[in-house]
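**Q** Got a structure for you, questions after.
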Amino acid sequence: MTTTDHTELTAAVAAPRAAKAIRRDRPKLKDTWWRHAVAITAMVIALFPVVYTLSSAFNRDNSLQGATLVPTHVTLHNFGNLLHNNVTLKSGGKTDAPYLRWVFNSMVIAGTTALLTTLLGALAAYAFSRFRFKGRRFGMIALLLIQVFPQFLAVVAIYLLVYNLGNVFGPLGINSILAVVVVYLGGSMGVQTWLLKGFFDTIPNELDESARVDGATPAQIFWGVVLPLALPVLIVVALISFIFTLNDYVLASALLQTNDHFTLSVGMFGWVNQQYGQLWGPFCAGALMAMIPVVILFLSLQRWIVGGLTAGSVKG
Amino acid sequence: MSEIAAPTPRAPFKPGLIARAIALFSGLPGMIIKFVLLAILNALAVWAAYVLIDRGKWISLAILVAATLLIDYIYLAPRSWTLPAKFIVPGTVFLLAFQIVPIIYTIEIAFTNYSTGHIISRADAIQAIKVNSLQPPANGRQFEMAPARDADGKLVLILHDDSSGAVYAGTKKGLQPLAKPTVTISPDTGQPTAAKGYTLIKGAELFSLDAQLRALEIPTKGDSAIQAQGVSQAVELQPTLRYDSAKNAFVRISDGTVFRDNGRGSFVSVNGKEELEPGWKTYIGFHNFGKLANDPLYRSPFVKVFVWTFVFAGLVVGLSFAVGLFLAITLDKKGLRFQSFYRSVLVIPWAMPAFLALLIWAGLLNDDFGVVNKILHLHIPWLFDANWARVSVVLVSVWLGVPYFFLVSLGALQSIPAELTEAARVDGGAGWAIFRRVTLPLVLVAVGPLLVASFAFNFNNFNNIYFLTQGGPYTGTSSIAGSTDILISYTYKLAIATGKGQDYALASAVSIVIFFIVATISGAMFYRTKAIRSVQ
Amino acid sequence: MHHSLKRMWALIGVIAAIAAVAASSAGASHKAGPTIVIWTDTDRAAAVTKVANDWAASNGATIQVVTKNFGDIRDNLGTVSAADAPDVITAAHDWTGQLAANGLVEPIFLSSATKASFPSYTLNAFSYGTAVKKLYGVPVAVENIGLVVNTKLAKVPTTFSQLETEALQVKKAKHQTFGIAVQQGSGGDAYHMYPFFSGLGGYVFGTNKAGNLDPSDIGVANPTLLKNAHLIDKWNKEGLISSKVDSSAAQNAFLKGQAAFWITGPWNADTLKKSGLTFKVIQMPAIAKPSVPFLGVQGFMVTKYATVHGVDSAAKDLVTSFMATPAAQTQLAAANGRPPANVKAKSSDPVLQQFSAASKGGVPMPNIPQMSSVWSDLGQAWVRSTKGSGAMAASKSFKAAARSIAAKIG
């Protein structure tokens, strides 16, 4: 790719899509049948594990392996046990598996992290987008490079750091949900900042100017002008951060030590680990209940996701 | 980016309720929030300073004070340079504390011997070795014990010898025999329950004497002494090792064997065969890196794992993008029926928490009992054969990755002006040619940086490997690295299961190596995608 | 903004001062009276609380029980901050080496009378030391795996070849891919395979002259085992055992009557009783040598933090004088569905008694920290050689494992 290409393309992409408003007639099925075929095949593959999770969740058997498309003995037993913290181990003993507590912890951790990550990222992106200052280029490049060192590579160091922090300031110590959030925030500046900066760049400077003429401070411009206009991309960044945080296992399992502080990933992994004899029934029921709200959240926001994902990078 | 004048933001957007709520915070309330946050920050800093002063941690204190003053200055003293800083500082504080500092800390650990048997300080280790070396001498006596106070209120141990039935009063001066009738012994436990002239200590008072009880040594013959064990027993003990602080070595009393500090956190016998435990944490220079480079146990899997990590990350990103783009092109047809329904369903694998999906896939892929083989009437050893396991982790990772690239490609496709493809068509381009010449390059511009980011992400995709195969199966001669282990999961195994248990220092050394590899590659690739060059 | 600066500083100063007062007062508060913190797992929490409180009541102490996943007790002990650290932990004997090598647990002494009431292997299991061997734990419960026979489907075998024939008959009749339900999975399971391993003449570590486990003497591919290794290839070929069977597959097969033999431990005693099957638990019949299981002993240890907290003597008294009594042992072991370690405290449960009987001649899992280098390699040796078609020859597989273990131990 040459530089000329790049300029041309970006310019072209930046132009509003004129054809967008034109609504053509529905295409004929004989021209589009293959599109439907591809889509249906892809859907089957996408939903395959979900369907079996569903089946196992409602099955009385504790296994995923004997699972059939339609559960053989339909029961709500698994769900009831989850909600009443009554998951029975194969040993006959009880696990102390406060599923609802884990859901709550996960939501608090992932929600707070997503919110603050987006805010911190947006603040920095605004500076990178609107101000010219010494170290700006260095800062942007540094962010990109640091980002490739995932936090969990330093899990031992983070553990010791949090351990020492806890000795100075208790609430930020080991086994604290707050500490986990704070650690995740360490990763808040990075690719997201790039994504946000890219989007902010597309918001015309004239808007800032006119606000400034009206006497607005940079802070007021940020909160009042830029953020509202960037809402779609903010939602995308928050959502990505939310999902990423929800999925983390390594850091959460290193920092959280007691059952009532676990996140879903740490707690539920115990159920299918050999050690406890693979409790697929409760696992699938729990998985189902955990994924439904996330999927709904996702689908309800998806009209913004499609645009927001590429917005930043296109404008690089 | 100012030379590209975008007339309007991409998606024309009506400031709604949320926007108005945000705007509300930008005036006086905003300023109050700022002051309150700043005040809380200062309060926390003062708190932390107290603790740090109390513990004499002066370097930490200096950093804390400097950082707090700098932040206060930035927000309270308007200068031209503080304006961008105001926006950058909040994220940077967290970045420094929980991203940069851990990296530096990891580098430090990589140069230590921090591992099982080497986690406490040298002084603690010497103390522990001394305690561990205490052993009952030949014919050593055991006593039932009752702590008591004599007439002067001094701590005395009333001791009842199990075997001989003799009773004593023990002080730090030595054992003093008591007349049997003056001491009442419980017939069940052999415990002294009363002694004439002494007041037995009971209940809470007894436990408050913990340190004194442990410190009390009643000398007997030679270097033997009677020591309390708990509150109701005492044992005659003799050290078997003597610490020579001048020579910085332990000497075994029975045969004179000398255990020297080996410079790597252990006292080791001169012939090198025996090691005293515990050891301590200390700096050992490049030893860990040397191990990775020279020890065939680590080196040969490292190379294998290194190559597979690239193959894995490359395949996953490449296939995810290819399939995602294909689906996007298929569905990016104006007026296609069920379009948004298809799109909604297809993003579900991305919306689903990945760790759940991975664990479920692991169950479904079991080859004799798994659902996948059952449905397809196959007998593929998905997780048991090295190559099939590699296929499995790639396929499942692609399953997880496709929705993201599908959405990204869809976004990119929709932002390609129709005129561009129309023009190409008018020029006589065929479908494939248009795709190759016009669509693909345009999509790549949009998706390029995301491909690099995704590569970096998959390069370290611990979850996908750990939850699916845990790195297995193991076909070679070593179980340190399995067929599907990537560098990060290999590191994790080094950290938890080699030698005597956990080797955090070695794992940290590998982390550093991984960091440099990924940073170099990503740096080069970002450079190529011009993401960096375009920042002015 | 300039004029408000002064006020702002004042505000910050006030809040900082409040925090400072709070900080100093927080630092000044101290705990009153001795409190002993015990870490235990959920199964045992109630019993531990009750037994420990019996002791505390007569000694004027307070007990605080913290519940954790069993394995986390070991992992977290090394990383917990002193303020939250336990004084006493529920522990498995095979943690002894690692915890002692790290200086995390304290040696304890038992009176001769107390010692006499425990089988010597249970005390050995908790003893460790490179220079001087020390006792670090009081045994409470013992556990081991046995061969569970579905007596409706098969006769109780007295020889291994009988077991083999019966298992293969059921396999054929029920169209199964394996005869004996013993769990491995892709991760391997050296613990559940140990009866086969010992029956073929394998051992993990030999002992040196002093009677200590010797990490340089690795018996994973000793000549006896290699001589008998062809049997593993035969079992693999005829499908007697299969590494594709994981814990859930093994359990399902037995409970659904598709396999007549299941190798499992007392943790499944309740499942067995509830299953409605008629069964008997025995030690697996000898192969070339007696097919003994690994023995696991669980008990209590006193941590180094007891000294830090100033409750060392109290904690030792609780563990050595009180937890070791038959009455306490019965309660503690029963809570976890295991036979008690104290010989005076026999379990009355018939199934647990059968499991106890199956322990005859068993080998305590090695408690030296080097064991962590063994589990995965030994497990993989079995996985490689019993995965059906394409399996590696057993002698080659075990030799490879032995080499890898030796290299890892270094």
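Chains as they are written, first to last, in my numbering: chain F, 1 to 316; chain L, 1001 to 1536; chain B, 2001 to 2410. We treat Cβ as the ideally placed atom computed from N, Cα and C, and that holds for glycine.
(1) To the nearest angstrom, how far is the alpha carbon of GLY2027(B) from that of VAL168(F)?
(2) In whole angstroms, what is the alpha-carbon distance linking PRO49(F) and ALA2125(B)?
(3) Under 8 Å Cβ to Cβ from LEU239(F), same chain only, skipping five residues before and after it: list those, please.
(4) Which residues of the stretch 2110-2140 of chain B have a Cβ closer than 7 Å to any Cβ of chain F? Give them in chain order.
(5) Is the CB of SER2372(B) under 8 Å away from at least one CB in chain F?
(6) Span of the alpha helix (DSSP H) holding LYS2115(B)?
(7) Helix, strand or coil for GLY2078(B)? Go by DSSP, reduced to three states.
(8) Just curious, the alpha helix (DSSP H) that GLU1277(L) is in, first and last residue?
(9) Are the beta-carbon atoms belonging to ILE146(F) and GLN1099(L) less than 8 Å from one another?
(10) So which of LEU1400(L), SER1392(L), ASP1162(L), PHE1455(L) has the shortest CA-CA distance to GLY1471(L)?
(11) Go through the stretch 2120-2182 of chain B residue by residue and report every complete run of the alpha helix (DSSP H) that reaches 4 residues or more, in order.
(12) Where SER2248(B) and ILE2241(B) are concerned, what is the direct C-alpha to C-alpha distance, given to the nearest angstrom?
(13) What residue from ASN1460(L), PHE1467(L), PHE1516(L), PRO1353(L) has the CA that sits closest to THR1491(L)'s CA?
(14) Between which residues of its own chain and ASP2189(B) is the CB-CB distance below 7 Å, once the five residues before and five after are set aside?
(15) If I measure Cβ to Cβ from ALA1328(L) and keep anything under 7 Å in the same chain, skipping five residues before and after, which residues do I get?
(16) Return the bridge partner residues of GLN1176(L) from the DSSP annotation.
(17) What number of angstroms, rounded off, separates the C-alpha of ALA1097(L) from the C-alpha of GLY186(F)?
(18) For a minimum of 4 consecutive residues, which ranges assigned as the alpha helix (DSSP H) are wholly contained in the stretch 1060-1139 of chain L?
(19) With DSSP as the reference, please indicate the residues paired to TRP2262(B) in a beta bridge.
(20) Measuring CB to CB, does VAL295(F) end up less than 8 Å from ILE1348(L)?
(21) Would you check if the distance between the CB atom of PHE2279(B) and the CB atom of GLY2146(B) is smaller than 8 Å?
(22) Under 8 Å, Cβ to Cβ, is there at least one residue of chain B near ASN1460(L)?
(23) As a quick exercise: from ARG212(F), LEU264(F), ARG137(F), pick the residue whose alpha carbon is nearest that of GLY322(F).
(24) Let me confirm a value: VAL1036(L) is counted as buried when at least 16 other C-beta atoms fall within 10 Å, else exposed. Which label applies?
(25) Would THR2386(B) count as contacting chain L if we go by Cβ distances under 8 Å?
(26) Less than 8 Å between CB atoms is the rule here; does ASP2087(B) satisfy it with respect to chain F?
(27) I'd like to know whether the C-beta atoms of MET291(F) and VAL1345(L) end up nearer to each other than 8 Å.
(28) Determine the contact status of PHE1259(L) and SER2313(B), defining contact as a CB-CB distance below 8 Å.
(29) Give me the chain L residues within the contact set of ASP120(F), using Cβ-Cβ distance strictly less than 8 Å, ordered along the chain.
(30) Below 8 Å between beta carbons is the criterion; list the residues of the stretch 1227-1245 of chain L that meet it against any residue of chain B, in chain order.
(31) Verify the CB distance criterion: does ILE158(F) have a CB-CB separation below 8 Å to chain L?
(32) Counting only beta-carbon separations shorter than 8 Å, does TRP271(F) have a partner in chain B?
(33) Express the C-alpha separation of SER2081(B) and THR117(F) in angstroms, rounding to a whole number.
(34) Can you grab the Cα-Cα spacing for the pair SER2111(B) / ARG2044(B), in whole Å?
(35) Under three-state DSSP, which class holds GLU1144(L)?
(36) For a contact meaning CB atoms closer than 9 Å, what does THR2320(B) contact in chain L?
**A** Reading it off the structure:
(1) At GLY2027(B), the pLDDT of 45 sits below 50, so the modelled position is not reliable; the number obtained from the coordinates is stated separately. Cα to Cα, GLY2027(B) sits roughly 11 Å from VAL168(F).
(2) 45 Å
(3) ALA114, LEU297, PHE298, LEU301, ILE305
(4) none
(5) no
(6) 2112-2116
(7) coil
(8) Where GLU1277(L) is concerned, there is no enclosing alpha helix (DSSP H), given that its DSSP letter is neither H nor E.
(9) yes
(10) SER1392(L)
(11) 2120-2125, 2160-2173
(12) 15 Å
(13) ASN1460(L)
(14) GLN2183, GLY2379
(15) PHE1406, SER1409, LEU1410, LEU1413
(16) ALA1169(L)
(17) 7 Å
(18) 1082-1095, 1101-1110, 1122-1132
(19) VAL2148(B), ALA2181(B)
(20) yes
(21) no
(22) no
(23) No answer is possible for residue 322(F): it lies beyond the span of chain F, which begins at 1 and ends at 316.
(24) exposed
(25) no
(26) no
(27) no
(28) no
(29) The amino acid occupying residue 120(F) in the given sequence is Leu; Asp does not appear at that position. What LEU120(F) touches in chain L: PRO1090, GLY1091, PHE1094.
(30) ALA1228, GLN1229, GLY1230, VAL1231, SER1232, GLN1233, VAL1235, THR1240, LEU1241
(31) yes
(32) no
(33) 29 Å
(34) 26 Å
(35) strand
(36) GLN1229, GLY1230, SER1232, GLN1233
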